[in-house]
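Residue numbers (my numbering): 98 to 242.
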């Protein structure tokens, strides 16, 4: 019976390493898909358009695989925050288990855990990633060389 194993990765390097390991243990390249978001160095408009196209495609992909709309939505939201997606097409539950173990070993994101964290964060308000301090520093204290 054909099965599909999906791993979402925060870092493209981790996804590439997972693919290398899958190949090393005997999975066929034709049965492994690696999808990355828009590449660095692209014009912003091109990158945004490509990202939208990739995300639309991934939404259709998840809709075709998953019956539960909430699960489709959860995966689609998770994809927006990762750099890469690895899909392994398998022929047995043993192959699926091996592929899943390898993807997990190389850092595949736990989509359910991420969804719970997202809900907690949204409940607390917006996250601030950069720190704004209302005081400057002199040239002798700056970090640039």
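Cβ atoms here follow ideal geometry from the backbone N, Cα and C, with glycine treated the same way.
Just reading off the beta strand (DSSP E) that residue i is part of, what are its end residues?
i	result
residue 169	Counting along the chain, residue 169 falls outside any beta strand (DSSP E), though it belongs to the alpha helix (DSSP H) covering 166-176.
residue 185	181-187
residue 131	129-133
residue 49	In the structure as shown, the chain starts at 98 and stops at 242, and residue 49 therefore has no counterpart that could be examined.
Distance, Cα to Cα, residue i vs residue j?
i	j	result
residue 110	residue 118	12 Å
residue 186	residue 125	9 Å
residue 103	residue 184	5 Å
residue 200	residue 178	17 Å
residue 207	residue 180	14 Å
residue 264	residue 170	Shown here, the chain extends from 98 to 242; a query on residue 264 therefore has no answer.
residue 132	residue 191	24 Å
residue 188	residue 98	6 Å
Can you name the start and end residues of the alpha helix (DSSP H) that residue i belongs to?
i	result
residue 195	190-202
residue 110	109-121
Since residue i contacts residue j with CB under 8 Å, what's their CB separation in whole angstroms?
i	j	result
residue 182	residue 105	6 Å
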